[in-house]
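S.K.: Residue numbers (the numbering used here): 194 to 509.
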Amino acid sequence: MKNILIPMSTVLVLGAGAAFAQETGFQGGELNLEYNSLDNDNLDNPISMWSANFGVAYNLTPQFGLQVGAGYNSIGTEFEDGPDTLGVSVDMTDLNAHAYYNFGVDSKIGIFAARYAVSNLTFELNGVFDGAIPLSMDLMTYGVEGMYDSGPVKVEARYGAAEIQNSLLLAPDQVDISFYELDVEYAMSSNFNLVADINGTTVDLMGTEITLNTYSAGVEYMAMTNFGLTASVDGGSLSIDGESESIDLFGYTIGAEYVVSGGVLGSNDATLFASYGTTNISGIGIDEDTTNLKIGANIAFGGSSSSDLFSRISLF
């Protein structure tokens with residue numbers, strides 16, 4: 194497992210010289226609800242993904258605070274065989290915690306830990322349970338993270354590692370996982386932003402290294418006070434040791450956001466969003482086009498907004 198504690202000590206020293214006092218107590222939170230539908234011509238039905246996640250933050254002192262959260266995710270699809278329908282699904286829950294040091298408005302550095310519990314892969318024939326594959330396991334992740342906000346520039350970065358626990362199929366020493374995330378936003382004007390992100394995950398599976406890198410670059414435009422449009426170009430690659438060719442991904446996403454302000458939410462906002470994207474997957478004998486429809490809502494409470502909290506930890 195890679196050592197990630199040494200970089201954290203360096204970050205803390207750098208941040209200590211620029212301490213910024215914030216109010217103590219409850220800092221608010223956010224609830225995220227989301228539905229994704231992935232489809233392509235070879236699927237009888239789309240792959241459906243449901244998720245619900247929340248996080249809350251509390252400053253113990255003006256400089257130090259905690260953020261905790263939990264989430265639920267479900268992935269499933271159905272295959273048709275004549276008059277019969279076979280459903281396949283897997284669920285995942287998680288608990289996460291962040292300890293951070295404030296050094297500016299919406300600027301902080303810290304450490305995180307999260308535990309994911311993955312269920313067995315279950316099968317249903319015509320809506321009746323028909324068996325399971327024992328995929329059940331826990332995934333423990335931990336690492337360092339930071340958030341920086343200075344005028345028009347916002348940056349969030351994270352580096353971590355993960356290990357498998359309580360698995361019937363894999364021992365902890367058979368898998369080594371590391372990952373990173375970097376999100377950047379630049380405000381060109383009060384209603385036009387440039388956004389970009391890169392993410393990477395490397396899995397060493399019994400000596401075979403599998404690497405997934407993804408990127409996205411796009412724009413956000415607030416057409417009205419509470420209505421915005423988004424567009425991005427997305428890509429990535431999946432490489433496997435021993436394979437001379439990688440699997441490449443390239444596509445685009447367009448979307449819209451509507452902000453519901455005040456009302457029953459008091460001073461908080463709820464952002465409703467929807468997007469549609471298409472991705473071409475090619476390489477190693479594959480050439481497929483997939484589509485992704487996403488709808489959801491981010492609901493802030495207690496004085497918070499999504500920019501105040503560390504984002505959800507994402508391995509893939």
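Think of the CB as a built atom: it goes at the ideal place given N, C-alpha and C, for glycine as much as any other residue.
So, with DSSP's three-state summary, where would you put residue 501?
M.R.: Note: residue 501 maps to helix in three-state DSSP.
S.K.: Classify residue 383 as buried or exposed, calling it buried when 16 or more other Cβ atoms lie within 10 Å of its own Cβ.
M.R.: It is exposed - the Cβ of residue 383 has fewer than 16 other Cβ atoms within 10 Å.
S.K.: Just how far apart, CA to CA, sit residue 451 and residue 226?
M.R.: Cα-Cα distance, rounded: 15 Å.
S.K.: What would DSSP say about residue 259, mapped onto helix, strand or coil?
M.R.: Strand, per DSSP.
S.K.: Let's test the definition: count the other Cβ atoms within 10 Å of the Cβ of residue 434 and tell me whether it reaches 16, buried, or not, exposed.
M.R.: Per the 10 Å Cβ criterion, exposed.
S.K.: Quick check: is the beta carbon of residue 221 nearer than 8 Å to any beta carbon in chain C?
M.R.: Considering every chain present, this structure includes no chain C. It has just one protein chain.
S.K.: Out of 239, 232, 258, state which residue places its alpha-carbon closest to the alpha-carbon of residue 216.
M.R.: When only C-alpha atoms are compared, the closest one is 258.
S.K.: Within the same chain, show all residues whose beta-carbon is closer than 7 Å to that of residue 444, passing over the 5 residues directly before and after it, in chain order.
M.R.: Answer for residue 444: 427, 470, 471, 472, 473, listed in chain order.
S.K.: Taking the beta strand (DSSP E) that residue 416 falls in, what are its first and last residues?
M.R.: Run containing residue 416: 401 to 417, per the beta strand (DSSP E) assignment.
S.K.: Put residue 323 into one of helix, strand or coil per three-state DSSP.
M.R.: Residue 323: strand per DSSP, three-state reduction.
S.K.: Buried or exposed: which applies to residue 265, given that a residue is buried once 16 or more other Cβ atoms fall within 10 Å of its Cβ?
M.R.: Exposed, because fewer than 16 other Cβ atoms sit within 10 Å of the Cβ of residue 265.
S.K.: Do you know offhand how far residue 401's Cα is from residue 363's?
M.R.: Rounded to whole angstroms, residue 401 to residue 363 spans 14 Å at the Cα level.
S.K.: Quick one: residues in its chain with C-beta nearer than 7 Å to the C-beta of residue 318, no 5 flanking neighbours on either side, listed in chain order?
M.R.: The answer, listed in chain order, is 277, 279.
S.K.: Can you name, in chain order, every residue of its own chain whose Cβ lies under 6 Å from the Cβ of residue 291, other than the five neighbours on each side?
M.R.: Cβ neighbours of residue 291 beyond the five flanking positions: 260, 303, 305, 503.
S.K.: Cα separation between residue 376 and residue 410?
M.R.: Their backbone Cα atoms lie some 10 Å apart in a straight line.
S.K.: Inspect the beta-carbon positions of residue 221 and residue 441 and report whether they are closer than 8 Å.
M.R.: In this structure, residue 441 does not lie closer than 8 Å to residue 221 by Cβ.
S.K.: Got a sec? Which residues, its chain only, sit under 6 Å from residue 398 by beta carbon, not counting five neighbours each side?
M.R.: Within the same chain, residue 398 has close Cβ partners 368.
S.K.: Going by the CB atoms, is the gap between residue 463 and residue 506 shorter than 8 Å?
M.R.: Against a cut-off of 8 Å, the Cβ pair of residue 463 and residue 506 comes out as no contact.
S.K.: From residue 234 to residue 300, what does the alpha carbon distance come to, in whole angstroms?
M.R.: Rounded to the nearest angstrom, the two C-alpha atoms are 45 Å apart.
S.K.: Grab me the residues of residue 477's own chain with a C-beta within less than 7 Å of its C-beta, minus the 5 sequence neighbours each way, in chain order.
M.R.: Once the five neighbours on either side are set aside, the close Cβ partners of residue 477 are 436, 438, 440.
S.K.: Quick one: which unbroken beta strand (DSSP E) runs of 3-plus residues sit fully inside the region 275 to 353? Chain order, please.
M.R.: For the region 275 to 353, whole beta strand (DSSP E) runs of length 3 or above, ordered along the chain, are 277 to 297, 300 to 311, 314 to 318, 321 to 326, 330 to 343.
S.K.: Output needed for residue 482: all residues of its chain with C-beta closer than 8 Å, excluding positions within five of it in sequence on either side, in chain order.
M.R.: Contacts found: 233, 234, 471, 472, 473, 474.
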